[in-house]
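The block underneath contains the structure these notes are about, expressed in structure tokens.
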Amino acid sequence: MKLSFHGQSTIYFEANGKKVIVDPFITGNGQSDLDASTLKVDYIILT
1 MKLSFHGQST
11 IYFEANGKKV
21 IVDPFITGNG
31 QSDLDASTLK
41 VDYIILT
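For the record, in the sequence shown the residue sitting at position 28 is 28 according to the UniProt record's numbering, with numbers rising by one throughout.
Here it is, written out as structure tokens:
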């Protein structure tokens with residue numbers, strides 16, 4: 001499992017060949033180092 005934190009409450013992880021992002025706050029978030037236009041995930045989880 002690969003797990004990473006990307007500011008605010010955004011968590012990205014890979015497990016069993018699947019890519020998941022939880023509570024994505026990317027655009028407009030100065031703490032995030034992700035680019036929403038290039039992000040490829042299998043699941044987006046919102047809480």
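Quick reminder that beta carbons are idealized off the backbone N, C-alpha and C, glycines included.
Report the partner residues of residue i according to the DSSP bridge assignment.
i, result
"residue 3", "13"
"residue 41", "According to DSSP, which records beta bridges pairwise, residue 41 is partnered with nothing at all."
"residue 21", "12, 44"
Short of 8 Å in beta carbon distance, which residues of its chain neighbour residue i, apart from the five on each side in sequence? Order them along the chain.
i, result
"residue 4", "11, 12, 13"
Less than 8 Å between the CB atoms is what I'm expecting for residue i and residue j, so what's the real figure, rounded?
i, j, result
"residue 34", "residue 26", "5 Å"
"residue 32", "residue 6", "5 Å"
Determine, using beta carbons only, whether residue i and residue j come nearer to each other than 8 Å.
i, j, result
"residue 2", "residue 43", "no"
Who are the Cβ neighbours of residue i in its own chain at under 6 Å, not counting the five residues just before and after it?
i, result
"residue 47", "23"
"residue 21", "12, 41, 44"
Near residue i, which residues of its chain fall below 7 Å by C-beta distance, leaving aside the five closest residues on each side in sequence?
i, result
"residue 29", "7, 8"
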